[in-house]
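Below you'll find the structure, written out as structure tokens, and then a few comments.
Number of protein chains: 2
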Amino acid sequence: MALKKFSVEGKIVDRFQVEVEAGEHSITIDQPRAVGGNGAGPCPVEYVLAGFAACILNVMYVVAQERCVELRGASVRLEGDLNPAKFMGKPTEDRPGFQEIRLVANIDADMTLAEKEDFLAAVEARCPVSDNLASTTPVSVVLEEKVAA
Amino acid sequence: MALKKFSVEGKIVDRFQVEVEAGEHSITIDQPRAVGGNGAGPCPVEYVLAGFAACILNVMYVVAQERCVELRGASVRLEGDLNPAKFMGKPTEDRPGFQEIRLVANIDADMTLAEKEDFLAAVEARCPVSDNLASTTPVSVVLEEKVAA
Numbered sequence: 000m001a002l003k004k005f006s007v008e009g010k011i012v013d014r015f016q017v018e019v020e021a022g023e024h025s026i027t028i029d030q031p032r033a034v035g036g037n038g039a040g041p042c043p044v045e046y047v048l049a050g051f052a053a054c055i056l057n058v059m060y061v062v063a064q065e066r067c068v069e070l071r072g073a074s075v076r077l078e079g080d081l082n083p084a085k086f087m088g089k090p091t092e093d094r095p096g097f098q099e100i101r102l103v104a105n106i107d108a109d110m111t112l113a114e115k116e117d118f119l120a121a122v123e124a125r126c127p128v129s130d131n132l133a134s135t136t137p138v139s140v141v142l143e144e145k146v147a148a
Numbered sequence: 000m001a002l003k004k005f006s007v008e009g010k011i012v013d014r015f016q017v018e019v020e021a022g023e024h025s026i027t028i029d030q031p032r033a034v035g036g037n038g039a040g041p042c043p044v045e046y047v048l049a050g051f052a053a054c055i056l057n058v059m060y061v062v063a064q065e066r067c068v069e070l071r072g073a074s075v076r077l078e079g080d081l082n083p084a085k086f087m088g089k090p091t092e093d094r095p096g097f098q099e100i101r102l103v104a105n106i107d108a109d110m111t112l113a114e115k116e117d118f119l120a121a122v123e124a125r126c127p128v129s130d131n132l133a134s135t136t137p138v139s140v141v142l143e144e145k146v147a148a
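For the protein sequence lines, the chains are A and B, in the order given.
For the first sequence, numbering that gives the first Met the number 0 gives the first residue as 0, with consecutive numbering after it.
For the second sequence, numbering that gives the first Met the number 0 gives the first residue as 0, with consecutive numbering after it.
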């Protein structure tokens, strides 16, 4: 299959409040009022967890169809811990991002525990967001001036 | 500084359509109609790009304040390419996730090109989402039954 390109554009609206355009959709991102934001939307790392949650659930839907399993329902809860020190410019040995991400899945389908474990392992192995978080991904961050030059 | 915990919960609403709760906010995620979704919201990997976009812009705001730079405006555009083959269950050697993520930043402030480059490098180094994408992050995906047991 051919590579598929995804793209988004975002800009600062007010301090921490950001508006991102993804195709026909618009996404509002912000920090809580307690840390100086307007509280207009979830914060950036919550969107990463949300994308991971949805990616796992989307792959569940695909794999269930392949295996002719009736997926009556599925839910996930995710947690991640990070030290905001580096983000805030304070001295720290810690990395800026999540030190660990934990996902717990609830699957409502007629499968044994062993079948659910096999199902979930197949789902995780095929999940794009899981791959990008667990493994390294080349990331380039450049100024517009350097692209235009 | 103490570790800060972030958490979200998500569930399948209809096929690829997912609803995620992040604190007081609700996020709708879906696939386009062309691939079998309802088109009710951006897709999971677009949310990851959006989280990355906003994270870079949030760190820009923090670093600009530290450096007493007036950030009149800032915007970013992001692109990522992935092969959907593994997600779809087709034979492939490719990884399921983005093979590369490119971010181009536009910074409206009274800085020379060299100052903008230094500014952007500091921002990238302190950005939590950049860290989680570019480096490895321990990810655990387990069944509710295994947690409860």
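The beta carbon of each residue, even a glycine, is placed where N, CA and C say it ideally should be.
Against A:C67, chain B offers no close residue; the least beta-carbon distance is about 13 Å (beta-carbon pairs closer than 8 Å).
If only complete runs of 4 or more residues are kept, the region 38-117 of chain A shows the alpha helix (DSSP H) at 43-65 and 84-87, in order along the chain.
For A:D130, the enclosing alpha helix (DSSP H) starts and ends at P127 to A133. Neighbours of B:D80 in chain A, taken as residues at a C-beta separation under 8 Å, are given in chain order as L2, K3, K4 and F5.
Looking at the backbone, the Cα of A:E123 and that of B:L142 are separated by about 12 Å.
Beta bridge pairing from DSSP links B:G9 with A:V75 and B:V19. According to the DSSP assignment, B:V146 belongs to the alpha helix (DSSP H) that extends over E143 to A147.
Separation of A:F15 and A:E69 (C-alpha to C-alpha, rounded to the nearest whole angstrom) is 43 Å. Short of 8 Å from the beta carbon of B:E116, and not among the five residues preceding or following it, lies no beta carbon of its own chain.
For A:L56, the closest C-alpha among the options A:S134, A:F5 and A:A120 is that of A:A120.
Interface residue (Cβ-Cβ distance to chain B less than 8 Å): A:N131 is classified as such. According to the DSSP secondary-structure assignment, B:T27 is paired through a beta bridge with B:E18. Of the residues assessed, B:E65 falls on the exposed side of the cut-off, its CB having fewer than 16 other CB atoms within 10 angstroms.
Beta-bridge partners assigned by DSSP to A:V138: B:I100. Burial check for A:K85: the Cβ neighbour count within 10 Å reaches 16 or more, so the residue is buried.
When the alpha-carbon of B:L48 is set against those of A:S129, A:D130 and A:S6, the nearest one is in A:S6. A Cβ-Cβ contact shorter than 8 Å links A:V19 with A:I28. Non-local beta-carbon contacts of A:R76 in its own chain, meaning distances under 7 Å to residues more than five positions away in sequence, involve V103 in chain order. Measuring C-alpha to C-alpha distances from B:A73 to each of B:C126, B:K3, B:V58 and B:F97 identifies B:V58 as the nearest. Residue-level contact check: A:A52 touches chain B, since one or more beta carbons of chain B fall below 8 Å from its beta carbon. Three or more beta-carbon pairs separated by less than 8 Å link the region 90-108 of chain B to the region 131-140 of chain A, which places the two stretches in contact.
The distance from the Cβ of A:G88 to that of B:G50 is about 21 Å, inconsistent with a contact at the 8 Å cut-off. Approximately 6 Å separates the beta-carbon atoms of A:R71 and A:A108; this is inside 8 Å, confirming the contact. Excluding sequence positions up to five before and after B:A39, its CB lies within less than 6 Å of the CB of Q16, T27 and D29, all in the same chain and listed in chain order.
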